[in-house]
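Student: Before we start, here is the structure in question, set down as structure tokens.
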Amino acid sequence: MNKRHLCMAVIGLGLWACDTAENIRPRNDNFFVKMYDGVRPGNQQGVDIIATADGGLLIAATGDSLGTKEMLLIKTDKRGNEEWTYSAANDLGTGVGTEAKSIVGLADGYLVGCTLNNNQVSRSVLLKISFDGLFLDSALITTDTLAGVFNNTLAKVTLGASGILVSGQTDRPIIDINGNTIGGINGYVALYDPVSLEPDPTLQNSITYFGLEGNDYVVGGYEVNDVVNSIGKDSTRYLIFGHSDLGTGGAARKNYYIGFKRDMSSTNEFVHEDVNETEDQVAHHVTRFGDTFVVIGEIAQSGQQIFMVEWKFRANAVTGTSDWQSLLNGVVPTADNTAGIGVALQNENSYIIVGTMEFSEIHSEIYLAGVNANFRVESPWPQTFGTNTSTYRAGAVTVLADGSIVVVGTADLEGNSKVVVIKTGPNGEMTF
132 MNKRHLCMAV
142 IGLGLWACDT
152 AENIRPRNDN
162 FFVKMYDGVR
172 PGNQQGVDII
182 ATADGGLLIA
192 ATGDSLGTKE
202 MLLIKTDKRG
212 NEEWTYSAAN
222 DLGTGVGTEA
232 KSIVGLADGY
242 LVGCTLNNNQ
252 VSRSVLLKIS
262 FDGLFLDSAL
272 ITTDTLAGVF
282 NNTLAKVTLG
292 ASGILVSGQT
302 DRPIIDINGN
312 TIGGINGYVA
322 LYDPVSLEPD
332 PTLQNSITYF
342 GLEGNDYVVG
352 GYEVNDVVNS
362 IGKDSTRYLI
372 FGHSDLGTGG
382 AARKNYYIGF
392 KRDMSSTNEF
402 VHEDVNETED
412 QVAHHVTRFG
422 DTFVVIGEIA
432 QSGQQIFMVE
442 WKFRANAVTG
452 TSDWQSLLNG
462 VVPTADNTAG
472 IGVALQNENS
482 YIIVGTMEFS
492 EIHSEIYLAG
502 VNANFRVESP
512 WPQTFGTNTS
522 TYRAGAVTVL
532 ADGSIVVVGT
542 ADLEGNSKVV
552 VIKTGPNGEM
562 TF
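Using my numbering, the letters of the sequence shown correspond one by one to residues 132 to 563.
Take a look at the structure:
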């Protein structure tokens, strides 16, 4: 394993991006490690990251100032120098808590999916921010009924041909096809217009709910690419992924996907896929490559290990059956307890994965690796980033057009956590 301990990054705090751009220039235009402060004093957590059209980066983070969460957006140039920072507290109020969950670029700005906490009630909220960091619009998603107030939390926002697909979970009970009331945690999915941030008016219901007995957690969803024909015998248009906690013996927590048609009617029952029938599996992230979808998470095997599941539509010419199926799944073995947090496509059949490697309560590091089509780590991977006396945790990973890799996460140095961004070459190389 190639360790990249970041003690060099802390010397003189020379790489902290909360200073001016002039005194934090990296030593190399291509590779850097930087830490970012928030708008107000407190801890910050790196959540998501995307490349921007101007060659820079956009970081979604959550700050914690005096016990109140605030969603943060940090825009940088290609060298990681901070250009502007936006805080949701400036527009929603410092007493309203907001947690960043997911970001996506739009034609007229950026969309941030958040969970809003106000008066001990959680709601999903969409915030549209301009390219220069100004508030444009918002949409609040509630799952209340006449029977009561119910919490919901946002998991992911994605952009497809039909609009913004929003997915998450709620404690609102649902009624199944047999008339049974299903409580616990259930999933929700909704479609919004990217310009107006209004729910899709062509749908009968602004929100669609789904779930099984037990708790069903959502990591995200996508609209398929083939929107003319949709895909499969049931004309699947949208796919949602996550894991169910069934509370039974064996693998109580199992991965699932569920499909929906264009009108948001369900195309199938829940489809669970076990990497191992006897071990719990928890999904943390899903991404797409065309109409192939890859879920990454952790499995309780030999402590804690990374697992990956690839979902793809498969038609069987012999039997005449066809469905979305797991073509490949498996464990990515590591030497220590490691949870898979994010995955991105580097080349065809070649993935970049990021995770958090746990050594102790006060020592964890960011794990970065390239894996092949069989989910096996290839040389010169893996790399790890951190120090022996601090906690570094992964948030997300993306691969840029030139092949370089960017990871966002959280670095806890002496009890004070900051957003950390690590940019490496295609093989994880650094040139400090």
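For glycine and all other residues, C-beta sits at the position ideal for the given N, C-alpha and C.
(1) Between the segment 181–188 and the segment 208–216, are three or more C-beta pairs nearer than 8 Å?
(2) Could you have a look at Leu-377 and say whether DSSP puts it in helix, strand or coil?
(3) Does Ile-338 pass the burial test, meaning 16 or more other C-beta atoms within 10 Å, or should it be called exposed?
(4) Counting pairs of Cβ atoms below 8 Å between the segment 324–335 and the segment 427–434, do you hit three or more?
(5) Quick one: residues in its chain with C-beta nearer than 7 Å to the C-beta of Leu-223, no 5 flanking neighbours on either side, listed in chain order?
(6) Going by the CB atoms, is the gap between Thr-423 and Glu-441 shorter than 9 Å?
(7) On the DSSP bridge assignment, give the partners of Ala-321 in chain order.
(8) Would you kindly work out how many angstroms separate the C-alpha atoms of Lys-554 and Ile-536, rounded to a whole number?
(9) Kindly indicate which three-state DSSP category Ala-191 falls into: helix, strand or coil?
(10) Helix, strand or coil for Asp-222? Go by DSSP, reduced to three states.
(11) Within 10 angstroms of its Cβ, does Leu-265 collect 16 or more other Cβ (buried), or is it exposed?
(12) Return the CA-CA distance between Val-227 and Gln-251, expressed in angstroms with no decimal places.
(13) Any idea if Asp-239 is buried or exposed, counting beta-carbon neighbours within 10 angstroms, 16 or more meaning buried?
(14) Tell me which same chain residues have a C-beta within less than 6 Å of the C-beta of Ile-437, skipping the five on either side of it?
(15) Per DSSP, Thr-465 forms a beta bridge with which residues?
(16) Taking the straight line between their C-alpha atoms, what separation do you get for Val-373 and Thr-273?
(17) At what residue ranges does the segment 198–252 contain a whole run of the alpha helix (DSSP H), taking only runs of 4 or more?
(18) Run through the DSSP bridge pairs and tell me what Val-178 is partnered with.
(19) Thr-284 lies in the beta strand (DSSP E); which residues open and close that run?
(20) Can Ala-192 and Gly-169 be called in contact, C-beta distance under 9 Å?
(21) Give me the Cα-Cα distance between Asn-309 and Tyr-340, rounded to the nearest whole angstrom.
(22) Just mark Glu-496 as buried or exposed, buried being the case when its beta carbon has 16 or more other beta carbons within 10 Å.
Tutor: Here's the rundown:
(1) yes
(2) Sequence index remark: in the sequence shown, residue 377 carries index 246 (1-based). Here Leu-377 sits in coil by DSSP.
(3) For this step, residue 338 is matched to residue 207 along the sequence shown. With 16 or more other Cβ atoms within 10 Å, it is buried.
(4) no
(5) As a position in the sequence shown, residue 223 is number 92, starting the count at 1. Leaving aside the five residues that flank Leu-223 on each side, the residues in its chain whose CB is nearer than 7 Å to its CB run, in chain order, Thr-229.
(6) Counting from 1 along the sequence shown, the entry for residue 441 is found at position 310. Counting from 1 along the sequence shown, the entry for residue 423 is found at position 292. In this structure, Thr-423 lies closer than 9 Å to Glu-441 by Cβ.
(7) Within the sequence shown, residue 321 is the residue found at index 190, counting from 1. Val-297, per the DSSP bridge assignment.
(8) What you label residue 554 is simply residue 423 of the sequence shown in a count that begins at 1. What you label residue 536 is simply residue 405 of the sequence shown in a count that begins at 1. If you take the alpha carbons of Lys-554 and Ile-536, they lie about 6 Å apart.
(9) Residue 191 sits at position 60 when you count from the first residue of the sequence shown. Note: Ala-191 maps to strand in three-state DSSP.
(10) Here residue 222 refers to the residue found at position 91 of the sequence shown. Note: Asp-222 maps to helix in three-state DSSP.
(11) Here residue 265 refers to the residue found at position 134 when the sequence shown is read from its first residue. Exposed, since its Cβ has fewer than 16 Cβ neighbours within 10 Å.
(12) The residue you call residue 227 lines up with position 96 of the sequence shown. The residue you call residue 251 lines up with position 120 of the sequence shown. Spanning the two alpha carbons is a distance of roughly 10 Å.
(13) Looking up residue 239 in the sequence shown gives position 108. The residue is exposed, with fewer than 16 neighbouring Cβ atoms inside 10 Å.
(14) Within the sequence shown, numbered from 1, the residue matching residue 437 stands at position 306. Only Val-463, Thr-469, Gly-471 and Gly-486 meet the Cβ criterion.
(15) Here residue 465 is taken as the residue at index 334 of the sequence shown, counted from 1. Partner(s): none; Thr-465 has no beta bridge.
(16) Looking up residue 373 in the sequence shown gives position 242. Looking up residue 273 in the sequence shown gives position 142. First, the residue type needs correcting, since residue 373 is Gly and not Val in the sequence shown. One C-alpha to the other measures close to 21 Å.
(17) Segments of the alpha helix (DSSP H) lying fully in the segment 198–252: 220–223.
(18) Looking up residue 178 in the sequence shown gives position 47. Its beta-bridge partners do not exist; DSSP assigns none.
(19) Walking along the sequence shown from the start, residue 284 turns up at place 153. Annotation for Thr-284: the continuous beta strand (DSSP E) segment containing it runs 283–291.
(20) In the sequence shown, counting from the first residue as 1, residue 192 sits at position 61. In the sequence shown, counting from the first residue as 1, residue 169 sits at position 38. Yes, they are a contact pair.
(21) One-based indexing of the sequence shown puts residue 309 at position 178. One-based indexing of the sequence shown puts residue 340 at position 209. Taking the straight line joining both Cα atoms gives about 15 Å.
(22) Your numbering for residue 496 matches position 365 in the sequence shown. Glu-496 comes out buried.
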